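Counting from 76, one number per residue, gives the positions in the sequence shown under the numbering used here.
Comments concern the structure below.
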Amino acid sequence: MSNIAESAHIHPMAVVEDGAVVGEGVKIGPFCYVGPHVVLHANVELLAHAVVTGRTVIGKGTRIFPMAVVGGDPQSVHHGGEETTLTVGANCTIREGVTMNTGTADFGGQTIVGDNNLFLANSHVAHDCRVGNHVIMSNNVMLAGHVVIEDRVILGGGSAVHQFTRVGRQAFVGGLSAVSYDVIPYGMLNGNPGLLGGLNVVGMTRAGVDRAVIHRVRRAYKSIFEGTASIRENAAAIRDEYADCEQVVHILDFIAADSDRALSSPTRGQKG
Numbered sequence: 076m077s078n079i080a081e082s083a084h085i086h087p088m089a090v091v092e093d094g095a096v097v098g099e100g101v102k103i104g105p106f107c108y109v110g111p112h113v114v115l116h117a118n119v120e121l122l123a124h125a126v127v128t129g130r131t132v133i134g135k136g137t138r139i140f141p142m143a144v145v146g147g148d149p150q151s152v153h154h155g156g157e158e159t160t161l162t163v164g165a166n167c168t169i170r171e172g173v174t175m176n177t178g179t180a181d182f183g184g185q186t187i188v189g190d191n192n193l194f195l196a197n198s199h200v201a202h203d204c205r206v207g208n209h210v211i212m213s214n215n216v217m218l219a220g221h222v223v224i225e226d227r228v229i230l231g232g233g234s235a236v237h238q239f240t241r242v243g244r245q246a247f248v249g250g251l252s253a254v255s256y257d258v259i260p261y262g263m264l265n266g267n268p269g270l271l272g273g274l275n276v277v278g279m280t281r282a283g284v285d286r287a288v289i290h291r292v293r294r295a296y297k298s299i300f301e302g303t304a305s306i307r308e309n310a311a312a313i314r315d316e317y318a319d320c321e322q323v324v325h326i327l328d329f330i331a332a333d334s335d336r337a338l339s340s341p342t343r344g345q346k347g
C-alpha cells in the first residue's frame, strides 16, 4: 500500500501507485501520476497532469507544473532498464513540460538536483547531471548527460550544454548559446559556438561582491586569458598573488580540476 500522510490532499482523478510515499501537506492535482517508487516530501505540490515516476525523491516545498515528466528513464542507448535514481531538492519550481531523467548504471546511476532552483517551461535535465542550488534554467534549456551546473548559474533560453561539460558557479550563459566547453565560475558566455566574453559583473554585484574585489577578479581574468602561456599555466602562475581572494580561487580551482572538456575562452571554437 502507499504511505500517504493524513494531511495530504489527492484529487480523486489522480493516480498514486501502491508503494509511493506522500508526505505531510502534499497536494496532488487531477490527472497526475505518481509511480510506486516515488517519495514526495512535505508540502510538495503537483499541478494537473504532472508525472513523477521512476525511483525519484522530490524535496519539500517543490512545485511541479502541468505536463512535466520527472524521473523518466535516461535517454541513453546504454540504458538497460537498471534501477537508477533522480533526487530533486527542496523549494524548486519545475514549470510546464520540463523533463528530468534518472541516471545510468555505468556512471553511478544518480541524477541530482539541488535546492531553490527554477526550471522554466520545456527545459531538460538529462541523465547523471549534477545541478547545484539557486540555478535558473530558462525556457527550452537543454542539459546533455553528465553535465555539472554549479550554484547560482543562469542559463538563458534555448541554450544547450554539451555532455560532460561543467558550468562554474554564478556563471551566465546567454540565450541560444552552444556550451561546448567548460565555463569558468563568474564567466559570461554567449554565441554559437559559445565564446567567453568576460565576467558576470552584474551577477557578482547583485550577490554583494565588493567593487574592489570585482576589479581584482577582472585583473586575474586578464592574466589567465591574455597571458603568454597556456590557460592552465597562466592560472597556476597567479595563485599565490590571489590566494586571499575567494572568487579568484574559485576560478583557479575550477581550471585546475580534472575535466573531460576543454575550457571555454574568448577564442576557443571561433570560426575563421
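Ideal Cβ positions, reconstructed from N, Cα and C, are used throughout, including at glycine.
Please read all numbers here as calculations on a predicted model, not as lab measurements.
Where residue i falls, given that 16 or more other Cβ within 10 Å makes a residue buried
| i | result |
| --- | --- |
| Asp93 | exposed |
| Gly104 | buried |
| Lys297 | exposed |
| Pro341 | exposed |
| Asp335 | exposed |
| Pro87 | exposed |
| His116 | buried |
| Asn275 | buried |
| Thr303 | exposed |
| Thr280 | exposed |
| Arg170 | buried |
| Ala331 | exposed |
| Ala295 | buried |
| Arg307 | exposed |
Reference residue i; option with closest CA among the options
| i | options | result |
| --- | --- | --- |
| Ser234 | Val216, Glu225 and Pro149 | Val216 |
| Ile133 | Asn191, Val119, Ser339 and Asn309 | Val119 |
| Gly110 | Val236, Val97 and Ser252 | Val97 |
| Ala83 | Val91, Ala89 and Val101 | Val101 |
| Val173 | Gly155, Asp181 and Phe140 | Phe140 |
| Ala351 | Val144, Gly164, Ala253 and His86 | This structure cannot settle anything about residue 351, because the visible part of the chain is limited to 76 through 347. |
| Val90 | Asn78, Val126 and Glu99 | Val126 |
| Asp148 | Val258, Asn176 and Thr168 | Asn176 |
| Gly220 | Asp226, Ile211, Phe239 and Val113 | Phe239 |
| Gly164 | Glu316, Arg138, Arg293 and Gly184 | Arg138 |
| Thr186 | Gln150, Arg294 and His124 | Gln150 |
| Ser255 | His237, Asn265, Phe247 and Ala246 | His237 |
| Gly184 | Glu158, Glu81 and Gly266 | Glu158 |
| Gly156 | Met212, Asn166 and Gly178 | Gly178 |
| Asp181 | Thr160, His153 and Val188 | His153 |
| Ala203 | Thr168, Leu161, Ser305 and Gln322 | It is Asp, not Ala, that sits at residue 203 in the sequence shown. Among Thr168, Leu161, Ser305 and Gln322, the Cα nearest to that of Asp203 belongs to Leu161. |
| Gly278 | His199, Ala123 and Asp226 | Asp226 |
| Gly250 | His325, Glu99 and Asn214 | Asn214 |
| Val223 | Asp333, Val114 and Asn78 | Asp333 |
Opening and closing residue of the alpha helix (DSSP H) in which residue i lies
| i | result |
| --- | --- |
| Ile289 | Arg286 to Glu301 |
| Arg130 | Here Arg130 belongs to no alpha helix (DSSP H); instead the beta strand (DSSP E) covers Arg130 to Ile133. |
| Val323 | Glu321 to Ala331 |
| Asn309 | Ile306 to Ala312 |
| Met279 | Val276 to Arg281 |
Residue i: first and last residue of the uninterrupted beta strand (DSSP E) it sits in
| i | result |
| --- | --- |
| Asn265 | Gly262 to Asn265 |
| Gln185 | Gln185 to Val188 |
| Asn176 | Thr174 to Asn176 |
| Val163 | Thr160 to Val163 |
Distance cut-off 7 Å: residue i Cβ against heavy atoms of the ligand NAP
| i | result |
| --- | --- |
| Asn267 | As for the ligand NAP, it is missing from this structure, which has no ligand bound. |
Meets three-Cβ-pair contact criterion under 8 Å: the region 223 to 233 and the region 312 to 323: no
Any 3 or more C-beta pairs closer than 8 Å across the region 186 to 196 and the region 205 to 222: yes
3-residue-minimum beta strand (DSSP E) runs that sit fully inside the region 104 to 146, ordered along the chain: 130 to 133
Every unbroken beta strand (DSSP E) within the region 183 to 264, with a cutoff of 3 residues, ordered by chain: 185 to 188
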